[in-house]
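Reviewing the structure listed below.
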Amino acid sequence: MKKILKILPNVLLIILVAYIVLMKICPEKINKFLGYQTFVILTDSMEPVIPTGSAVLVKNLKDDEEPKKGDIVSFRVDRLGEDAVFTHYYRGTETEEDGSIRYLTQGATAERPDDYITHRQDIIGTYVFHILYVGRIVLFLKSPFALIELGIIMIIMIIHQLLWDKFDKEEQEEQAEKEKQETEQKPENQKTLEGTETKNNICTS
1 MKKILKILPN VLLIILVAYI VLMKICPEKI NKFLGYQTFV ILTDSMEPVI PTGSAVLVKN
61 LKDDEEPKKG DIVSFRVDRL GEDAVFTHYY RGTETEEDGS IRYLTQGATA ERPDDYITHR
121 QDIIGTYVFH ILYVGRIVLF LKSPFALIEL GIIMIIMIIH QLLWDKFDKE EQEEQAEKEK
181 QETEQKPENQ KTLEGTETKN NICTS
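For the sequence shown, UniProt numbering begins at 1 and goes up steadily by one.
And the structure:
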C-alpha cells in the first residue's frame, strides 16, 4: 500500500499529460469518446447562476438529440470573425424567412434572447454542473505552456522518485546488515553468559 501511494502522484501526472497531448492532437475524437467537455465562463452573462471564472462541465448532445426549453447549453458563436463558445439558457426555436430553424439563447441577466444566429449544429451540449474559481486552471491546461510545464514537473518527479528509491534501498540494506550483525552477536553473547554462569557455579562449590 505504501509503495502504491508513493507512485500514485506520478501516475496521475502522466495521465494528465497524456490527456492534454491527446486533446491537442485529436480533441474532437477525445470529446466524442468521453461524451463531455469543459468550458470556462469568462463574462457575467450567467450571474448569479454560474459565476464568472467558473469551469462548466457540458454533456455532448448527440446528432438526434434536442435541448429542452430552460436547459443551459454551450454553443459556438461567430464573434467578430472568431469562433467562441458561450453558455446560456436555451429558450426555444423560431423559423427564419429562408425556412431554417434558429435556436434562441439568452443570458441569465439579459431581458431578451441573444442576437446571435444559432442553429442546431452550433449547439455543443447541455450544462451538467460548474466548479467555482477553477476556470483559470482549465485555461492554463488548454494553453501551449501547460504541456511544457507539466513535462518539466513530470521529469522532476521521476528523478525524485528514482533518487528516493535509491536512498530507500540503501537504507533497507543498511538495516538488513545491522539486523544480521545483531543476530550473529546473540549466540556469542549467550555463550559468554553461559561461561560466566558455569564459572560462578564452580567458585560457589
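Glycine residues also receive a C-beta, built at the ideal position from the N, C-alpha and C atoms.
Compute the Euclidean distance between the alpha carbons of residue i and residue j, then round it to the nearest angstrom.
i    : j    : result
S143 : R120 : 28 Å
E173 : I4   : 21 Å
N60  : V128 : 10 Å
E179 : D168 : 16 Å
E177 : E171 : 10 Å
K32  : Q175 : 53 Å
K62  : Y90  : 16 Å
Assuming residue i contacts residue j under a Cβ cut-off of 8 Å, what Cβ separation, rounded to an integer in Å, is found between them?
i    : j    : result
L150 : V17  : 5 Å
S74  : T87  : 5 Å
S45  : A84  : Between A84 and S45 the Cβ distance is about 12 Å, and since that is not below 8 Å, they are no contact.
P67  : T126 : 6 Å
P51  : L132 : 6 Å
Q37  : I124 : 7 Å
T105 : D98  : Contact doesn't hold; Cβ gap of about 20 Å is too wide.
V40  : L141 : With 8 Å as the limit, V40 and L141 do not qualify as a contact, their Cβ atoms being about 10 Å apart.
For residue i, report the span of its beta strand (DSSP E) as first-last.
i    : result
R102 : I101 to Q106
R76  : I72 to R79
With a CB to CB cut of under 6 Å and the five nearest residues on each side skipped, what residues in its chain are close to residue i?
i    : result
L22  : I30
Y116 : V77
H130 : I50, S54 and V56
E96  : R102
According to DSSP, what are the bridge partners of residue i?
i    : result
K59  : Y36 and T126
Y89  : I72 and Q106
T118 : Y103
Take residue i and list the residues in its own chain whose beta-carbon comes closer than 8 Å to its own, dropping the five residues that flank it on each side.
i    : result
E182 : none
I7   : Q161
Taking residue i as part of the alpha helix (DSSP H), name the residues at either end of that continuous run.
i    : result
V134 : Neither: V134 is in no alpha helix (DSSP H) and is coded neither H nor E.
Note down, in chain order, each residue of its chain lying with its Cβ closer than 7 Å to the Cβ of residue i, except the 5 sequence neighbours on either side.
i   : result
N10 : M157, I158 and Q161
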